[in-house]
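Just below is one structure, and these are the notes that go with it.
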Amino acid sequence: MSRNSKKQPPFQESTEEEWLSAVEKALKGKTADTLAVKTIENIKLKPLYTKSDSIHRSDPGIFPYTRGSKETIAMWKAAQPLDRCATAEELANAISSAAEEGLNAFSLSSFTAVQSKEDFKTLLSAIKESGLYFWMDFEAAPRLMPEFAKAASELGEGAAGCDPYDALMHGSIKPDDFRQVLNWTADFADVCGNRKSLLFKGELFHEAGANAVQELAFTFAKAADYLNWIKYNGRSVQDHAEKAAFSFSSGSDFFMEIAKLRAARLLWSSVASAFEADKEAGRCLIHTSTSSYNKSLLDPHVNLLRTATEAFSAVIGNADVLSVLPHDAESGGSAFSERIARNIHYLLSEESLLSKVNDPGGGSWYIEKLTQELAEAAWNKVLDIENAGGFAAALEDGYFQNELSGMAESRQKELNRQTGKMIGVNFYSNPEDRIQHQVPKRAPGEWPASEFQEMVAGIQPEGYRQKGKPFFHAARLAEGFERLRGFAQAFKDRTGSVPQVQIITYGLLKQYKPRLDFLTGLLASGGIDGKVIADDAVDFHAPIFLCGSDESYRAYAEQIGELAGRAGSGLYVTGRQPAEHVFPAEELTAGMDRFTFLENLQRKMGVQS
């Protein structure tokens with residue numbers, strides 16, 4: 001019998017109303033809207049997306065570039081960071097090795113290996129010999145920008161420059177010097193030919209806790225502010241728009257990060273058009289780095305899993321340049337972690353074959369709708385910032401500080417109450433894990449006091465501009481819990497044992513097991529061990545935790561009452577106490593502020609000395 005000898009009955013096309021009716025039936029009368037959830041961007045995620053949610057966009061490489069900046073299918077630039085190199089020779093060797101290992105790019109932002117003009121010549125020579133694409137952010141070393149400008153025409157493809165707004169926000173300069181630094185940046189772009197030499201970065205916002213809408217809006221508000229300044233000063237908006245490139249962090253919200261990069265291209269095409277630049281200037285080059293905000297010094301191998309999904313999101317979102325940070329980057333990195341990070345590119349391109357597809361997210365009604373909603377929300381916020389006088393004015397007024405501190409606080413509350421989870425930090429924690437040492441953050445760069453053209457002409461800088469104060473502080477989400485674990489680790493080093501509390505269980509194992517798991521998980525996130533003991537072996541000088549079902553608490557009310565009378569303020573009950581038997585004890589429930597509880601418990605136990 002041949003495959004086609006029998007006709008298969010065709011599937012009947014169902015309407016959206018029929019799908020929703022089926023959903024309501026499954027929900028026993030509740031509407032499908034009860035399954036909708038809101039993201040931290042205040043975007044409602046529906047349980048069902050249909051063709052009506054898809055807004056037709058042009059093909060990849062065609063204005064407004066939502067589906068990608070390139071018409072042809074091409075491998076993204078796998079630009080692994082080489083910032084661990086200590087000398088110029090080591091850096092040159094690392095560039096050569098990157099080419100030999102199959103990478104097509106590298107990134108550099110610290111420049112600690114480049115201390116002299118000779119060192120810089122060594123770097124430039126290595127770039128020429130390797131033929132690699134490069135992404136170089138000079139914010140940490142603006143003194144090198146004139147030297148790069150002299151050699152720019154001799155180098156191959158790559159983006160190099162800085163973000164003057166980040167220099168201001170990091171405190172590299174004082175606000176009074178900002179216009180001079182804008183001039184410096186514009187002069188640099190003017191002498192670098194067609195190279196992407198204006199780097200507008202969103203990472204600082206992301207690392208300070210921004211959601212996707214904020215990261216997009218604030219980044220493009222910077223670009224709009226810059227183009228307004230260019231126009232006001234009689235320079236070519238077209239030329240400078242063509243030289244703009246953008247950099248974002250890729251976080252762990254998989255689909256949101258895909259939509260974010262797609263929305264970024266749509267937004268830049270809109271900004272460029274608003275300034276009457278042509279469609280080619282609206283073609284958005286995007287560099288993406290895996291996030292540092294959601295990484296932890298605890299259980300660092302979980303960071304590897306986070307990094308892999310973040311890189312995956314960036315590739316699906318059609319990032320042009322991708323830097324995958326080592327999973328232990330916060331503690332300095334290693335040759336091993338750098339190799340693993342490099343191999344993520346190969347897995348995505350050679351095994352998953354994502355380098356053979358253009359816009360893999362295209363056609364997903366969910367992603368397309370999310371892209372549109374993100375772009376609209378971010379665009380409205382850009383307009384609000386413009387109406388407030390532009391990015392620089394809004395920064396001086398504290399607009400971004402207030403927005404970011406509010407969002408960071410909201411994220412922290414979610415983590416503290418475990419409505420937001422981080423594996424190995426506040427969920428599935430191992431109290432035996434030792435916290436890794438954190439390397440210091442990169443110091444802000446020093447900006448020469450001389451004009452850019454003077455330094456290009458060979459005039460040595462007359463000192464450096466005074467530093468200002470950072471406008472806001474970027475902190476990783478896990479830092480609070482890491483401090484708790486650090487105190488617990490120091491306690492163990494002093495005493496020879498981990499901090500420990502007593503647990504008394506009531507009833508059968510199957511009755512108290514769910515609450516016991518809750519309790520031990522809670523304690524572990526503060527580096528505290530729980531030891532189950534018999535109620536006649538209690539040490540009343542140490543914290544006592546009761547664990548049982550509601551029925552068990554009622555059944556053992558008399559014994560618990562006697563215990564409570566002797567325990568004083570060191571008694572805790574897992575779950576709610578029965579209304580008819582309330583004892584002087586602190587209740588531990590889902591949704592509680594775990595961080596504050598653990599901090600107070602550590603102090604009571606002498607863990608925080």
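The numbering of the sequence shown is UniProt numbering, which starts it at 1 and goes up by one. Positions of the beta carbon are idealized from the N, C-alpha and C atoms, including for glycine.
Can you give me the start and stop residues for the alpha helix (DSSP H) that M256 sits inside? 254-274
Would I544 and A567 be called neighbours here (beta carbons separated by less than 8 Å)? yes
From I385 to F391, what distance separates their C-alpha atoms? Taking the straight line from one Cα to the other gives about 6 Å.
Please report the residue range of the alpha helix (DSSP H) in which V532 lies. Element bounds for V532: not the alpha helix (DSSP H) but the beta strand (DSSP E), 529-532.
If we call anything under 8 Å between Cβ atoms a contact, is A159 one with G445? Not a contact, by the Cβ cut-off of 8 Å.
Could you tell me the distance, in whole angstroms, from the CA atom of M1 to the CA atom of Q12? Low local confidence applies: a pLDDT of 42 at M1 is under 50, so the model's placement there is unreliable, with the coordinate-based value given in what follows. Rounded to the nearest angstrom, the two C-alpha atoms are 26 Å apart.
Measuring alpha carbon to alpha carbon, tell me which residue in E462, H437, R417, E587 is nearest R594. R417
Give a yes or no on whether the C-beta atoms belonging to E310 and S334 are separated by under 8 Å. For E310 and S334, no; Cβs fall outside 8 Å.
Classify K369 as buried or exposed, calling it buried when 16 or more other Cβ atoms lie within 10 Å of its own Cβ. Counting Cβ neighbours within 10 Å, K369 comes out buried, since at least 16 surround it.
Residue nearest to M136 in terms of C-alpha spacing, selected from A105, E129, E118: A105
Would you kindly report the start and end of the unbroken beta strand (DSSP E) that includes F248? Run containing F248: 244-250, per the beta strand (DSSP E) assignment.
Once you ignore the five residues that flank N194 on each side, which residues in its own chain have a CB closer than 8 Å to its CB? E242, K243
Can you tell me which of the three DSSP states T15 falls into? Note: T15 maps to coil in three-state DSSP.
Along the chain, where does the beta strand (DSSP E) that runs through I286 open and close? Taken as a continuous stretch (DSSP letters only), the beta strand (DSSP E) holding I286 covers 286-290.
Supposed contact pair M75 and S355 - C-beta distance, whole angstroms, cut 8 Å: 4 Å
The segment 454-461 in contact with the segment 478-487 per 3-pair CB rule at 8 Å: no
Residues near residue 626 in its chain [Cβ-Cβ closer than 7 Å; skip 5 each side]: There is no way to answer for residue 626, as the model of the chain reaches only from 1 to 609.
Have a look at the DSSP bridge pairing and note the partners of T122. Note: T122 sits in no beta bridge, so no partner.
Helix or strand or just coil, what does DSSP make of G158? strand
Near T505, what residues of its chain come up, given a Cβ to Cβ distance below 7 Å and the 5 sequence neighbours on each side ignored? Y512, L516, V532, C547, G548
Determine whether the beta carbon atoms of A86 and A126 lie at a separation below 8 Å. no
Counting only runs that start and end within the segment 309-346, where is the alpha helix (DSSP H) found for 4 or more residues in a row? 335-346
Rounding to the nearest angstrom, what Cα-Cα distance links E454 and E147 in this structure? 12 Å
Going along the chain, which residues of its own chain have a beta-carbon closer than 6 Å to the beta-carbon of E350, five neighbours each way excluded? none
Extract the residue ranges of the beta strand (DSSP E) inside the segment 11-99, only unbroken runs of 3 or more that lie entirely within it. 77-81
Nearest candidate by alpha-carbon position, reference Q438, set G480, T495, S331, R476: S331
Unbroken alpha helix (DSSP H) runs of length 4 or more, entirely within the segment 424-461: which are they? Within the segment 424-461, the complete alpha helix (DSSP H) runs of at least 4 residues are 452-456.
In this structure, how does DSSP classify S410 when only helix, strand and coil are distinguished? In this structure, S410 counts as helix in the three-state DSSP scheme.
Where M1 falls: helix, strand or coil (DSSP): Below a pLDDT of 50, predicted positions are generally treated as unreliable, and M1, at 42, falls in that range; the measurement from the model is reported next regardless. Coil.
Express the C-alpha separation of G570 and Q412 in angstroms, rounding to a whole number. In a straight line, the C-alpha of Q412 is about 27 Å away from that of G570.
Within 10 Å of its beta-carbon, does D397 have 16 or more other beta-carbons around it, so buried, or fewer, so exposed? If you draw a 10 Å sphere on the C-beta of D397, you find fewer than 16 other C-beta atoms in it, and that means exposed.
Is T219 buried or exposed, if buried means 16 or more other CB atoms sit within 10 Å of its CB? buried
Under three-state DSSP, which class holds F138? DSSP places F138 within a helical segment (H, G or I) once states are collapsed to three.
Other residues of its chain near Q500: CB distance less than 6 Å, five sequence neighbours each side excluded: D529, K531
For a test of the three-state rule: what should DSSP assign to T505, helix, strand or coil? If DSSP states are grouped into helix, strand and coil, T505 belongs with the strands.
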